[in-house]
Structures are given as C-alpha cells and as structure tokens.
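K.L.:
Taken in order, the sequence shown gives residues -22 to -1, 1 to 145; the numbers are from mature numbering (1 follows the signal peptide of the UniProt record, and there is no 0). After the structure tokens below, expect a handful of questions from me.
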Amino acid sequence: MTLAKKILALTTGILFSVTAWAESIAVVDVQKVVAQLPQMAAMQQQLQKEFAGAAEEVEKLKSDIQFSMEKFQRESMTMSQEQQEKLRTDIEQMQQSYQAKAQPLQENIRRRQGEERNKIMAIIKTAVDEVAAEKKIDVVLQAQSVAFVKPEKDISELVLEKASKAK
C-alpha cells in the first residue's frame, strides 16, 4: 500500500469517527429548564411561607427605624435634649435589633435556597441522564457553553418534561 493510500484511509477513518461521535452529542439549556420547572415555583412559594413571619418582623423593624429617623430629622429642633437622646437611643437599639435579626434571616434564606436549588439540580441531572440513555446520547453539554447547535440536538424540552414529572 502506498503512502498516499494509507493517508487517505487514515483520513477517511478519522472523518467517519468524528461524524459518528458528533451524532451522539446534545445540549441542554439548564437555565431554561430551571426557569420553566414547576418545582421551582413551588420551592419559591414554600420558602416565602417558611420565612414570611421573620421577614415581616424584619421589614416592620426597618420601617420603624426609618420612621424614627425621619421623626428625629423633622422634630429634633423642637425636642428637648432628653427627648433627642431618648430617640437616638431608641433608634440605635432598633438598628442593633435589626442587624441581629436581618443578617441571620438572610443567611438562613440563602442556605435554604441553596438546599432547594441542589435538590432541583439533582432532579434535572437525573432527567438529563434518562434522556441521554433513551436517545443513546454520549455527551450532553450545557447550551451556554456552545456557540452553535442545531435545534434537533437541543434536548431541553425533553429534560423539562422528565424533570417536571419527578418529585
């Protein structure tokens, strides 16, 4: 076999293997799936209910601080020194209370959102795995990391269907 024939055979083999490999690739738009997932809306409602009482308390404290600060600015010229000091002390105490309640609340909300997001991502991962197995897909890439993909290679809708049915 001559060198030219060997190179031609090798090139042909490489081209066919690349073509075959390219057929087993798909993409999924995870952000789109998350945004359209019914479990996401349910999770957001659950978290709002879970933290509603504490959030209302913090918001009330915040508005009380704002009201007291505005009152101090409006009326400080007509207040006695004692009244000014008392109002300043009250404002400082409310601010300390606000800090003591708001920061842990925000941390708890972030922690719970992370926990719930991890559950949702696990559901999506399972759905991607199932769709990939059913469609005999070897590689699934995130749509955001791909410059171009043919619409028929996008399995986002299939993943959304599967993930929506999961609990």
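Idealized CB from N, CA, C, for every residue including glycine.
Determine, using beta carbons only, whether Arg3 and Val117 come nearer to each other than 8 Å.
P.N.:
One point to set straight first is that residue 3 is Ile, not Arg, in the sequence displayed. Yes, these two residues count as a Cβ contact at 8 Å.
K.L.:
Residues in the same chain with beta-carbon distance under 8 Å from Lys113, minus the five sequence neighbours each way, listed in chain order, please.
P.N.:
So the qualifying residues of the chain are Ala4, Ile133, Leu136.
K.L.:
Is the stretch 35 to 55 close to the stretch 91 to 108, with three or more CB pairs under 8 Å?
P.N.:
Judged by Cβ distances under 8 Å, the stretch 35 to 55 makes no contact with the stretch 91 to 108, as fewer than three pairs qualify.
K.L.:
On the criterion of 16 or more Cβ atoms from any shown chain inside 10 Å, does Leu138 qualify as buried, or is it exposed?
P.N.:
By the neighbour-count rule (16 or more Cβ atoms within 10 Å), Leu138 is buried.
K.L.:
Provide the residue(s) that pair with Asp132 in DSSP beta bridges, ordered along the chain.
P.N.:
The partner list for Asp132 (beta bridge, DSSP) reads Val5.
K.L.:
Going by Cα to Cα distance, which pick from Val127, Lys131, Phe126, Arg90 is closest to Gln28?
P.N.:
The question names Gln, but residue 28 is Glu in the sequence shown. Nearest of Val127, Lys131, Phe126, Arg90 to Glu28, Cα basis: Arg90.
K.L.:
In whole angstroms, what separates the C-alpha of Ser75 from that of Phe50?
P.N.:
Near 19 Å, if we compare the C-alpha coordinates of Phe50 and Ser75.
K.L.:
Would you please state the rounded distance, in angstroms, between the beta carbons of Val8 and Ile69? I believe it to be under 8 Å.
P.N.:
So it is not a contact: roughly 46 Å between Cβ atoms.
K.L.:
May I ask you to report which of helix, strand or coil DSSP gives Val118?
P.N.:
Note: Val118 maps to strand in three-state DSSP.
K.L.:
Is DSSP giving Val109 helix, strand or coil here?
P.N.:
Helix.
K.L.:
Ala141 and Leu15 - do their beta-carbons sit closer together than 8 Å?
P.N.:
Yes. Within cutoff.
K.L.:
Does Val109 pass the burial test, meaning 16 or more other C-beta atoms within 10 Å, or should it be called exposed?
P.N.:
Its Cβ being crowded by 16 or more others within 10 Å, Val109 is buried.
K.L.:
Measure the C-alpha to C-alpha separation of Leu(-8) and Pro129 and round it to an integer number of angstroms.
P.N.:
Caution is warranted here: a pLDDT of 48 is assigned to Leu(-8), below 50, making its placement in the model unreliable, and no coordinate value can be reported.
K.L.:
Measure the Cβ-Cβ separation of Lys79 and Glu35 and say whether it is below 8 Å.
P.N.:
Against a cut-off of 8 Å, the Cβ pair of Glu35 and Lys79 comes out as a contact.
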